[in-house]
Amino acid sequence: MPSASTSSSPAVYAQAWNRPQPLKAPNIPYDNDAGSNPVLRGLPLAVVSSIIASSTRIQRIFWTLNKFDKIKDITHIHDYDVIWDPTVIPVSTHGDKDTSVASLPTPPTRASLNDYYTSADFHALYKSGKITPSDVVEALLPLIQRGTNPPGQFSVGFISSKAELVRAAAKASTDRYKAGKFLSPLDGVPLAVKDEVHLQGYKRTLGSRLDRTDKHDRTAWCVQKWQDAGAIIVGKTNMHEIGMDTTNNNQTWGTPLNPHNQGYYTGGSSGGSAYAVASGLVPIALGVDGGGSIRLPSSYCGLYGLKPSHSRVSARAGTDATDSVGVNGPMASNIDDLALAYRIMGQPDPLSKNSRGFPNSLSPDTVWTNRKAGKKYLGLVKYWVDRSDPNVLNMFNAAVEHYVTEHGYEVVEIDIPLLPQGQKAHAMTILSEARSGISPSEIKQLSWHNQLLMNVAGSHASAQDFIGAQKLRHLQMAHLAWLWDTYPGLLILTPTTPAAGWKIAKPSDVTSGYGVSDGDMSLRSMEYVYLANWTGAPAISLPMGWTADENVPVGLMAMGEWGSEEQLLAFGKEGESLLKDKGGIRRPKGENLWFDLLGDGLARKGA
0 MPSASTSSSP AVYAQAWNRP QPLKAPNIPY DNDAGSNPVL RGLPLAVVSS
50 IIASSTRIQR IFWTLNKFDK IKDITHIHDY DVIWDPTVIP VSTHGDKDTS
100 VASLPTPPTR ASLNDYYTSA DFHALYKSGK ITPSDVVEAL LPLIQRGTNP
150 PGQFSVGFIS SKAELVRAAA KASTDRYKAG KFLSPLDGVP LAVKDEVHLQ
200 GYKRTLGSRL DRTDKHDRTA WCVQKWQDAG AIIVGKTNMH EIGMDTTNNN
250 QTWGTPLNPH NQGYYTGGSS GGSAYAVASG LVPIALGVDG GGSIRLPSSY
300 CGLYGLKPSH SRVSARAGTD ATDSVGVNGP MASNIDDLAL AYRIMGQPDP
350 LSKNSRGFPN SLSPDTVWTN RKAGKKYLGL VKYWVDRSDP NVLNMFNAAV
400 EHYVTEHGYE VVEIDIPLLP QGQKAHAMTI LSEARSGISP SEIKQLSWHN
450 QLLMNVAGSH ASAQDFIGAQ KLRHLQMAHL AWLWDTYPGL LILTPTTPAA
500 GWKIAKPSDV TSGYGVSDGD MSLRSMEYVY LANWTGAPAI SLPMGWTADE
550 NVPVGLMAMG EWGSEEQLLA FGKEGESLLK DKGGIRRPKG ENLWFDLLGD
600 GLARKGA
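Numbering that gives the first Met the number 0 puts the first residue of the sequence shown at 0, with every later residue one more than the last.
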């Protein structure tokens, strides 16, 4: 069974269910006239949010200023039907190989003492008998629990951790290793999951004061697959409230600061998961990505993050997910753990109408193709990429050159029409879908920033507006299908985000209790990541460097055709060489920013 180092040949399929008919879109000049929003913080944010909540007329003015009402009037979309669900399911013509979780390849241990620990470091120590999973969780629990006095050193990254559940899972794993019957390379490895995800025995708050716990107290399918493989879920991680921004500024549960530079955010909305991995607490964590919420915090915190194809990873806890942009996926400190986590969590869910149709993720060497792989293409939308800040653009150009000279890729300049308008359509859709599941009384329990979002962008989309957005989705998906037919295996390459992280403008932004609303920066941070959510395509973010002045990580993103997760993982494996001359992956430097769990942590416990 190959590891993530599998050749990154294109994942082209003989058939695919729901793939749009390939159709090159009209040549439409790029126009990024996005409008502008004032930055609001502190008491003025509360006042403005309250005023807007009280007047639908004022709400409509803000809606119009943001040009959401213009999408339905785009001439080119009227020849397209709507696409409500961007799920495209590749069909295997060769059949899946019979593969068990236990036979998955074990990732390599860390390459040097300066690297993060990998799942293989835990696995090797457990097999040797030097330590046990119970030893690990006893070292970890005091660090992440909120209910202790004082709270755990890294507890701001977690919303809850149930010690009795963690200890029970650790004991079961310890007993398996003693009997020589471990379940998989992930057995006994501590993992964390975002609070948004259903987990038996835990409340689900969405990082808010709300309670969205499954009434039957069930665990999401993808988390259950990790648990079935023996992984120990040590807790639920902090997140941006209801997932509706990209900083993880959370006035209810606290704001985790970026371990690489505490003057920056971890990124949202899966910022707690990124914090847990970047701080050395767990090698893998689960994120949810509706508008870059796996890839942005991965980029900000110097990690690897995979946003799978839409519906690929089942989030079912009794029902299928109802939104058309969000997916669950893994975040990890290294590419091999990212691959391992994805392959286990991505197993088809037989009770999900979409997930069950995908080929088995436990068969990564299965080839579903009816045509030979030829050239390896990188697609660049130059006018789009060039909007990045100079330091990010310089890193990106160097990364492209590296992939060309070291890994044999060919660059092709491509066009993707209506990119700014597509971002507006995506924003309208995700906010409308979120608003449909929350009552007016619940909106009043949210932060001032999210009240503003829900009352303006989430409440004013007419049926015509929403239908127009889904027609635009069809236009862009059909054009992407045409690109992938023209350049088989094409990977569309951008920086993960145009700016190097998101700097905390004022300390009071995270401590005042009011928070901050910066709509323009939110849109800018999502400028590249949104397209994969909008069109249902998979995408990966990997570290490509750090800023020289402030040591802020910067990510590189590749988006592939529907079902091309293995190709993206292979691309990420090739990308390890990007960091070769930069000392490899870089963990946080500084006291109390990274915890040596398998070193100092276990030494303190006498293990």
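Using N, Cα and C, we set each Cβ at its ideal position, and we do this for glycine too. On a predicted model such as this, the values are computed, not experimentally measured, just so you know.
- For the pair Gly-267 and His-239, the CB atoms are nearer than the 8 Å cut-off.
- Leu-377 sits in a strand when the DSSP states are folded into three classes.
- The way I'd put it, the stretch 419-427 does touch the stretch 459-476; three or more beta-carbon pairs between them come closer than 8 Å.
- Taking C-beta atoms under 8 Å as the contact rule, Ala-275 and Ala-171 fail to qualify, at a distance of about 22 Å.
- When Leu-555, Thr-251, Ala-314, Glu-549 are compared, the shortest CA-CA separation from Ile-491 is found for Leu-555.
- Under the 10 Å beta carbon count, Val-46 is surrounded by fewer than 16 other beta carbons and is classified as exposed.
- Ranked by Cα distance from Asp-388, the options Met-520, Trp-593, Pro-43, Leu-418 are led by Met-520.
- Contact between Leu-445 and Ser-207 holds: their C-beta atoms lie close to 6 Å from each other, under 8 Å.
- Judged by DSSP secondary structure, Asn-454 falls within the alpha helix (DSSP H) whose first and last residues are 447-455.
- Across the set Asp-385, Tyr-402, Arg-40, the C-alpha of Arg-40 shows the shortest separation from the C-alpha of Val-509.
- As computed with DSSP, Gly-328 is found in a beta bridge with Gly-286.
- The distance from the Cβ of Asn-390 to that of Thr-546 is about 6 Å, consistent with a contact at the 8 Å cut-off.
- Pro-587: not part of any alpha helix (DSSP H); DSSP gives it neither H nor E.
- Rounded to the nearest whole angstrom, the C-alpha separation of Asp-336 and Ser-435 is 36 Å.
- The beta carbons of Leu-530 and Thr-98 sit no closer together than 8 Å.
- Secondary structure at Phe-157: strand, using DSSP grouped into helix, strand and coil.
- The three-state reading of DSSP puts Gln-14 in strand, counting E and B together.
- The beta-carbon separation of Asp-288 and Asn-532, rounded to 7 Å, stays under the 8 Å limit for a contact.
- Under the three-state reduction of DSSP output, Thr-428 falls in the helix class.
- For Thr-63, DSSP assigns no beta-bridge partner whatsoever.
- Partner residues in a beta bridge of Leu-142, as assigned by DSSP, do not exist.
- Within the same chain, Cβ atoms closer than 8 Å to the Cβ of Gly-514 are found at Arg-40, Leu-44, Asn-248, Gln-250, Ser-446, Trp-447, His-448, Asp-508, the five residues on either side in sequence being excluded.
- Taking all protein chains in view, the Cβ of Trp-83 is surrounded by fewer than 16 other Cβ atoms within 10 Å, so the residue is classified as exposed.
- Taking one beta carbon from each stretch, the stretch 340-351 and the stretch 222-235 have 3 or more pairs nearer than 8 Å; the two touch.
- DSSP places Ala-191 in the uninterrupted beta strand (DSSP E) bounded by 189-193.
- Cβ contact annotation for His-75 (same chain, cutoff 8 Å, sequence separation greater than five): Ala-24, Pro-25, Ile-27, Pro-416, Leu-417, Leu-474, in chain order.
- By the criterion of a C-beta distance shorter than 7 Å, Lys-502 is surrounded in its chain by Gly-262, Tyr-263, once the five residues flanking it on both sides are discounted.
- In the DSSP annotation of this structure, the continuous segment of the alpha helix (DSSP H) that includes Trp-225 starts and ends at 220-227.
- Exclusion of the five residues before and after Arg-59 leaves His-459 as the residues of its chain whose Cβ lies within less than 8 Å of its Cβ.
- A straight-line Cα-Cα distance of about 11 Å links Met-453 and Ile-429.
- Within the stretch 388-429, the complete beta strand (DSSP E) segments at least 3 residues long are 408-412, listed from N- to C-terminus.
- Listed in chain order, the beta strand (DSSP E) runs fully inside the stretch 265-315 are 283-288, 303-306, counting runs of at least 3 residues.
- Counting other Cβ atoms within 10 Å of its Cβ, Ala-101 stays below 16 and is therefore classed as exposed.
- Gly-544 and Val-87 do not touch by the CB rule: their CB atoms are close to 33 Å apart, not below 8 Å.
- Note that the C-beta distance between Thr-495 and Leu-295 is below 8 Å.
- Of all alpha-carbon atoms in Glu-163, Gly-373, Asp-414, the one lying nearest the alpha-carbon of Leu-379 is that of Asp-414.
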